[in-house]
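In the numbering used here, the protein residues as written are 21 to 609.
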């Protein structure tokens, strides 16, 4: 009924006080009026009896003289300040103090007269038709011995009595209202004192609900409200500790979800996405930055994942499946699990990107296949030479020397392959020390080009160099970078047909130098271009050219060890361009 405890205390208390005051006022007024009337009646009866005893002798001598009786009544009326009526035993009015007795009717059957005749006195309150207002009548019989001489009646207007009673009622009512007002003020004070700690507690709770968990209530009393405040403070401290722990755990969880490599999506039972980490957006190629609130189908756009999610929801069991998505071969491992913890049903979707693992597996298979292929040819050649020598060629000195020379060549090929593998392994593991010093690009490029010009001349390939006139100083290990340049130029000469052109250029950029080796050779197929820097990987056209297939892998790791980058651009049948970068050396001041 009342939304405020203050009004629940104040209004009932005030209503009870006012009603009690009004009831008490009415009760006291009623009983005061009755007591006033009873006292007045007793007083008037006493006066009537006194007057009856006093006028009895006069009545015996003046009963036949109405005028004398009127005068007697008027004298007593003046003394008593009341209306006096003297009545004969038969009810005839003998004397009257306030009106003409001749106009008055017989009073024998008036109630007060009847009572006076039967018991000596009587009284009654009624409206007087003669005077036109309420009167209190008292009557007493007049005797002379046993003889009834008459009846004397006194009457008094009640208007004054009612005025006195009204004044008393107003006084009582005023006192009652004043008491009620004091009671209401007391109730207001009590309500205020009672509700103030509760209001303070309410404001503190609202502050905590708004996020201020450090808000506390100051207990000001030792009563139940004070105990409630202290209990609330203890609860708030425990709650703040728990919230701090939950915030730390939530922050740690958010960091884990943000930084982890696996994609995580949590949905409700209806399929609405509740959580999606950045890895899931990246792995699934989701373009929307925020998919929370969308359905799982709207977020992932992959029917295999959607079907797997549906099976998990229908069966309530974990579902696993490897999925291939996208035009480039992207392999995903999807694990969809129902969360059975207490609370609303949830479904956890974990997406793992297996593309790199698959690629490494492919590289490993290709590595094994390539190294097997590279070793099979020299080993097969050695086996044939050994078998030929065992079959009698050893007895023919010229043939034996020729076969031994062939064996030496094959062994050199195997030795070179093993050395390059060991060197590549050392470079990848960071165990190769680099002597990095400032050196000009011209000094790096000149030695390998001088060594390879005879090879270019034999194959009728033009070898051009386009370098700036001013030296370009870089930070590099000269011997290692010369090895990179030699490998790139050697490959360019080897795969460029007769009358082709190989061009070596160097240009300065913002804080690095780009060194490029471009040829007009056969080019590299687009499918092979992303993998040419892998160990033993060769394009089909390159296999007939010999070599171990490790040169580009070694070049890649040497450039990366110098904080540089290397890449290739090629159009099949139109030549290739290999480019790598080296950091510029700081200029001397």
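All C-beta atoms, glycine included, are put in the ideal place defined by N, C-alpha and C.
(message) Tell me whether the segment 44-60 and the segment 192-208 touch, counting them as touching only if at least three CB pairs, one residue from each stretch, are closer than 8 Å.
(response) yes
(request) Since I believe residue 367 is in contact with residue 211 (beta carbons under 8 Å), could you give me their beta-carbon distance rounded to a whole number of angstroms? (result) Actually they do not touch by this definition, with Cβ atoms about 54 Å apart.
(request) Drop a sphere of 10 angstroms on the beta-carbon of residue 288, count the other beta-carbons inside from all chains shown, and report buried for 16 or more, exposed for fewer. (result) exposed
(request) Below 6 Å CB to CB, which residues in the same chain sit around residue 355 once its five sequence neighbours on both sides are set aside? (result) 340 and 370
(request) Label residue 81 either buried or exposed according to how many other C-beta atoms from any shown protein chain fall within 10 Å of its C-beta, with 16 as the threshold for buried. (result) exposed
(request) Can you say whether residue 565 is buried or exposed, counting buried as having 16 or more other CB atoms within 10 angstroms of its CB? (result) For residue 565, the predicted structure reports a pLDDT of 49, less than 50, and the residue's modelled location is therefore unreliable. The matter cannot be settled from this model.
(request) From the DSSP output, in three-state form, read off residue 280 for me. (result) coil
(message) Taking only three categories from DSSP, how would you classify residue 604?
(response) strand
(request) Inspect the beta-carbon positions of residue 494 and residue 537 and report whether they are closer than 8 Å. (result) no
(message) On the DSSP letters alone, give me the boundaries of the beta strand (DSSP E) that residue 484 sits inside.
(response) 482-486
(request) May I ask you to report which of helix, strand or coil DSSP gives residue 533? (result) strand
(message) Tell me which residues share the same chain as residue 460 and place their Cβ nearer than 8 Å to its Cβ, disregarding the 5 neighbours each side in the sequence.
(response) 491, 492, 493 and 494
(message) Residues in the same chain with beta-carbon distance under 7 Å from residue 116, minus the five sequence neighbours each way, listed in chain order, please.
(response) 90, 93, 105 and 124
(request) Please say whether residue 572 and residue 503 have beta carbons closer to each other than 8 Å? (result) no
(message) For residue 132, count the other beta carbons within 10 Å of its own beta carbon; 16 or more makes it buried, fewer makes it exposed. Which is it?
(response) Here residue 132 is buried. Its C-beta has 16 or more other C-beta atoms within 10 Å.
(message) Three or more C-beta pairs under 8 Å: does that hold for the segment 205-225 against the segment 151-163?
(response) no
(request) Could you give the DSSP three-state label for residue 351: helix, strand or coil? (result) Strand, per DSSP.
(request) Using 10 angstroms around the beta-carbon of residue 8, count the other beta-carbons present and answer buried if the total reaches 16, otherwise exposed. (result) With the chain running from 21 to 609 in the structure shown, residue 8 is simply not present.
(request) Could you pull out every residue in the same chain whose Cβ sits closer than 7 Å to the Cβ of residue 136, ignoring the five residues on either side in sequence? (result) The beta carbon of residue 136 is closer than 7 Å to those of 142, 159, 160, 161 and 171 in its chain, skipping five residues each way along the sequence.
(request) Please classify residue 340: does DSSP put it in a helix, a strand, or coil? (result) strand
(request) State the beta-bridge partners of residue 458 as determined by DSSP. (result) 495
(request) Classify residue 468 as buried or exposed, calling it buried when 16 or more other Cβ atoms lie within 10 Å of its own Cβ. (result) buried
(request) Give the single residue among 144, 108 and 76 whose Cα lies nearest to the Cα of residue 164. (result) 76
(message) I'd like to check one pair, residue 600 with residue 535: are the Cβ atoms closer than 8 Å?
(response) yes
(request) Inspect the beta-carbon positions of residue 483 and residue 473 and report whether they are closer than 8 Å. (result) yes
(message) Output needed for residue 376: all residues of its chain with C-beta closer than 7 Å, excluding positions within five of it in sequence on either side, in chain order.
(response) none
(message) Once DSSP output is grouped into helix, strand and coil, what is the label at residue 561?
(response) Model confidence at residue 561 stands at a pLDDT of 42, short of 50, so the residue's coordinates are unreliable; what they give is reported in the following sentence. Three-state DSSP puts residue 561 in a helix.
(message) Can you give me the C-alpha to C-alpha distance between residue 95 and residue 121, rounded to a whole angstrom?
(response) One C-alpha to the other measures close to 16 Å.
(request) Express the C-alpha separation of residue 526 and residue 501 in angstroms, rounding to a whole number. (result) Those two C-alpha atoms are separated by around 13 Å.
(message) Helix, strand or coil, according to DSSP, for residue 263 in the structure here?
(response) Correct three-state label for residue 263: helix.
(message) Using only the alpha-carbon positions, how far apart do residue 321 and residue 585 sit?
(response) So the two alpha carbons sit approximately 36 Å from each other.
(message) Can you find the residues in the same chain that come closer than 6 Å, C-beta to C-beta, to residue 372, ignoring five residues on each side of it along the sequence?
(response) 282 and 353
(request) Using the Cα positions of residue 307 and residue 531, report the straight-line distance between them to the nearest angstrom. (result) 34 Å
(message) Using the Cβ count rule (16 or more neighbours within 10 Å means buried), how would you classify residue 303?
(response) It is buried - the Cβ of residue 303 has at least 16 other Cβ atoms within 10 Å.
(request) Examine the Cβ distances between the segment 320-334 and the segment 253-260 and report whether three or more of them are shorter than 8 Å. (result) no
(request) Can you grab the Cα-Cα spacing for the pair residue 563 / residue 476, in whole Å? (result) Caution is warranted here: a pLDDT of 40 is assigned to residue 563, below 50, making its placement in the model unreliable, and no coordinate value can be reported.
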